[in-house]
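Student: Please see the structure below; I have some questions.
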Amino acid sequence: MTELNDLPEPAVEHPEAVWPENLATTGDEWVDSALARLGGIPGTPVAEHSGIYSGLHDSLLAALNAEPGNAARAMASGLAAPETGAAPEAGGA
């Protein structure tokens with residue numbers, strides 16, 4: 003006997019997400035560099051999105067916590083580099 007729950011599911015077509023081509027710049031090199039990583043989201047497996055968003059969050063938080071004018075120096079020294087999302091060490095430059 004056929005179970006009522008065993009009916010084949012019709013194929014569902016999912017439209018492709020539309021991503022903005024060019025994000026407006028903020029004028030802050032550190033923030034713009036961090037936000038540029040969002041362009042890689044469409045080609046990244048969903049399982050890896052949380053890591054990207056977490057790194058983006060950490061980079062933006064570090065930019066907010068940086069002393070005015072020190073963000074460029076922090077980037078140059080590798081502290082809270084937008085590419086890695088690493089937060090500055092306590093007591094760092």
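Under the numbering used here, the first residue of the sequence shown carries the number 3, and numbering increases by one thereafter. We put the CB at the ideal spot given by N, CA and C, even for glycine.
1. By a C-beta neighbour count over all protein chains shown, 10 Å radius and 16 as the cutoff for buried, is Trp32 buried or exposed?
2. Flag this pair as yes or no: are the beta carbons of Ala64 and Asp30 separated by less than 8 angstroms?
3. For Glu18, which residues from the same chain have a beta carbon less than 7 angstroms from its beta carbon, with the 5 sequence-adjacent residues on both sides left out?
4. Helix, strand or coil: how does DSSP classify Pro44 here?
5. Any chance you could list the alpha helix (DSSP H) runs of at least 4 consecutive residues sitting entirely within the segment 17 to 70, in chain order?
6. Check the C-beta distance from Ala36 over to Leu58 and give it rounded, since I have them as a contact under 8 angstroms.
7. Within 10 angstroms of the Cβ of Ala13, are there 16 or more other Cβ atoms? Answer buried if so, exposed if not.
8. By the 10 Å Cβ neighbour count, where 16 or more other Cβ atoms means buried, how is Ala68 classified, buried or exposed?
Tutor: The structure says:
1. buried
2. no
3. none
4. helix
5. 31 to 38 and 51 to 67
6. 6 angstroms
7. exposed
8. buried
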